[in-house]
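Residues in the sequence shown are numbered consecutively from 1, following the UniProt record's numbering.
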Amino acid sequence: MNTNLYCWLTLEIWHSYFNNGKCSVFQLLPMENTSRLMKNYNIRFRNHENRYEGYVQMRPSKTIWDELNTKEDLYFQLLNTDQNFDNYTNVTLPKKQNTVLYLTNSRVENRIVSEEQIVPETYLDVQSLRFYVAVSSTQSDQVIIRDDRGQEIFTQEVQKEQQKIYVDINTFGTGVYEIWINNTLSKKFFGTSEMIENNCYGIFHLQMKSVLESLKQNITPLLKINFEARSTFWQYVIVVPEDKKITVQDMVIENDSNIKYSGPDKSTVIGGKASNIFTSAETITLQQSATNNSILKIHYNNDFSDLILEQDITIPVPGVSSIITKEVNNENMFYSQTIIYI
């Protein structure tokens with residue numbers, strides 16, 4: 001029996017931080033039930049750089065949508081292989097524990113699109129499918145659990161003086177659920193009984209109904225996830241070691257890229273050493289191969305002469321291995337800091 005591989009989906013991950021825009025720091029790991037579905041439907045994925053292509057192995061006489069005719073969605077863990085990803089990505093810091101980025105394609109609403117942009121902005125708590133729900137002890141409550149399609153899968157009237165109820169929705173499997181108390185949304189979460197990897201950054205939820213509708217129109221869906229680079233204030237901490245035996249008269253940062261710096265402001269670094277800090281007047285968007293033509297000009301004299309000397313130092317682009325967060329007017333401001341020893 002002759003079979004061929006047919007492409008039925010393309011997923012691309014892009015990031016404005018990288019020179020070519022291609023973000024290849026993630027790996028797709030299917031959840032356990034998804035692995036079983038992939039085996040049953042002869043589905044496999046190929047990965048090259050930032051591109052993931054879904055294939056199905058089938059006979060040429062069959063159609064892709066018939067071969068993939070499953071009512072179950074596919075779920076993948078998005079594994080992060082770059083520990084600095086949050087530093088150069090425009091995401092909220094610090095991240096809340098036990099949360100993941102939730103990514104999904106749109107549900108079909110009487111329209112088919114060949115290309116869809118997925119904005120990475122939704123974060124969900126991860127929790128078990130067996131859990132307790134806290135309720136008021138002074139009144140009767142109604143607790144409802146809904147799946148991601150809005151269907152009620154659990155309902156219980158809670159009597160007065162009860163403080164919590166036990167919920168078991170394990171039979172419904174991995175997915176996104178909502179807890180409603182007295183017709184008010186209390187929580188939305190990603191529920192699973194499976195182990196989540198330590199480097200799981202997000203969950204990619206592929207809604208198969210939407211995919212099948214596109215395939216029936218002879219359209220192979222192309223999904224694009226677009227991350228934006230973080231913008232930070234650049235900060236240079238200038239330290240003159242005591243053993244240099246020099247006295248700095250003045251210092252300034254010069255460049256021809258219109259980056260303006262405030263300072264120097266006197267401060268201290270770890271160990272109590274005196275320092276001078278320059279801070280960019282505006283935030284600068286981080287880039288993988290950013291260039292910096294800034295020069296630190298220092299005028300100084302040593303302890304043995306009154307002659308004023310000058311030294312020009314080319315200062316580097318701040319790295320992304322660490323980001324400093326400061327709260328200013330109830331808003332987090334981010335700084336990329338580099339320490340320069342004269």
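Don't be surprised by glycine CBs; every beta carbon is placed ideally from N, CA and C.
All of these numbers come straight from a predicted model, not from anything done at the bench.
Here Phe233 is actually not in contact with Ser267; their C-beta atoms are around 15 angstroms apart, not less than 8 angstroms. In chain order, Asn98, Phe189, Phe190, Gly191 place their CB closer than 8 angstroms to the CB of Gln127, counting only its own chain and leaving out the 5 sequence neighbours on each side. Rounded to whole angstroms, Arg107 and Gln151 show a C-alpha spacing of 15 angstroms. Listed as beta-bridge partners of Cys7 by DSSP are Tyr55.
Rounded to the nearest whole angstrom, the CA to CA distance from Gln287 to Phe45 is 30 angstroms. Taking a C-beta distance under 9 angstroms as the contact criterion, Tyr41 and Val56 qualify as a contact pair. The stretch 231-246 makes no contact with the stretch 12-25, as fewer than three CB pairs between them are under 8 angstroms.
Taken atom to atom, the span from the alpha-carbon of Leu79 to that of Ser275 is near 40 angstroms.
For Glu213, the closest of Ser114, Asn50, Thr10 by C-alpha to C-alpha distance is Ser114.
Assignment of Ser305 by DSSP, reduced to helix, strand and coil, places it in the coil class.
Counting C-beta pairs with one atom in each stretch, the stretch 137-145 and the stretch 164-174 have three or more that are closer than 8 angstroms, which means they touch. Thr3 and Pro120 have their C-alpha atoms roughly 37 angstroms apart.
Sequence-distant Cβ neighbours of Thr81 in its own chain, meaning closer than 8 angstroms and more than five residues away, are Val25, Phe26, Gln27, Asn199. With 16 or more other Cβ atoms from the protein chains shown falling within 10 Å of its own Cβ, Gly54 counts as buried. Taken through DSSP and simplified to helix, strand or coil, Arg230 comes out as coil. Residue state for Ile64 is assigned as helix, using DSSP reduced to three classes. Residue environment analysis places Asp66 among the exposed positions, since fewer than 16 neighbouring C-beta atoms fall within 10 angstroms of its C-beta. The stretch 320-327 and the stretch 295-304 do not touch, with fewer than three beta-carbon pairs separated by less than 8 angstroms. Using a Cβ distance threshold of 9 angstroms, Ile13 and Ile225 count as a contacting pair. In the displayed model, Met195 falls within coil according to three-state DSSP, outside both helix and strand. Looking at the backbone, the Cα of Asp250 and that of Ile298 are separated by about 6 angstroms. Contact between Gly202 and Val100 holds, with the beta-carbon distance rounding to 5 angstroms and staying under 8 angstroms. Under the three-state reduction of DSSP, Val248 is assigned to strand.
Beta-bridge pairing by DSSP links Glu242 to no other residue.
Glu228 is positioned such that its CB atom lies closer than 9 angstroms to that of Asn90. Here Glu157 is not near Ser136, since their CB atoms are 9 angstroms or more apart. Under the three-state reduction of DSSP output, Ser262 falls in the strand class. Per DSSP, the continuous beta strand (DSSP E) segment holding Tyr341 begins and ends at 331-341.
Approximately 7 angstroms separates the beta-carbon atoms of Ile295 and Ile313; this is inside 8 angstroms, confirming the contact.
Burial state of His205 is buried, judged by a 10 Å Cβ sphere holding 16 or more other Cβ atoms. The Cβ atoms of Lys244 and Ile342 lie closer than 9 angstroms to each other. Here the alpha carbon of Val237 sits roughly 12 angstroms from the alpha carbon of Ser262.
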